[in-house]
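Chemist: Numbering (the working numbering), first residue to last: 6 to 142. Every residue gets a Cβ at the ideal spot worked out from N, C-alpha and C, and that includes glycine.
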Amino acid sequence: SFGEEQPIYTFAYDDALGQDGTLHDPNANNLSTAVITIGDLSGTNVPNPYADDTIYTVTPFIGDGSTVIYNGKPLEYGESIEGVTIPFTVTVNGEVANIYIRDGFVRPYYDGAYGIVIDHTNNTAANITFPGVPKAE
């Protein structure tokens, strides 16, 4: 439920096509159920981004003021780590981040995860950039 005050815009080209794809829920206090049915997937390769047995070499690039811990030790800027398995679990400024290198995503998501950038240098190596700590205003 998204509430009467929080419309959901469902179509990117509404204005150009003269359509309104905005959803409003006038009954925000009574949650509704949405059901999505997917047809037969027989013969379809459905990838599993969590299954990756590749052994990686990771080179971290750490922004100003950030601390990244891996296996109980702080990582050093530009110092490669060999033998990394998935998920590459690090603590970034106190937040645990599970990094999936092949498909390039971080779980669980948190505000600081947005700035983590995974750059494949080849099939078994990646540079990972961790954001710096925002400056106080």
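1) Give me the Cβ distance between A130 and Y61, rounded to the nearest whole Å; I'm assuming they're in contact under 8 Å.
2) Just list the residues that DSSP pairs E100 with in beta bridges.
3) Give a yes or no on contact between the stretch 38-51 and the stretch 61-70, applying the rule of three or more CB pairs nearer than 8 Å.
4) Rounded to whole angstroms, what's the CA-CA distance from A102 to E142? Just pull it up for me.
5) Can you pull the DSSP bridge partners for Y82?
6) Straight-line CA distance for N50 to G44?
7) Judging by CA-CA distance, which residue of I121, N98 and T96 is the nearest neighbour of I106?
8) Could you give the residue range of the beta strand (DSSP E) that holds I67?
Modeler: So, from the listed chains and residues:
1) Right, the Cβ-Cβ distance comes to about 6 Å (below 8 Å), so this counts as a contact.
2) V97
3) no
4) 26 Å
5) In the DSSP output, where bridge partners are listed per residue, Y82 has none listed.
6) 14 Å
7) I121
8) For I67, the uninterrupted beta strand (DSSP E) segment begins and ends at Y61 to I67.
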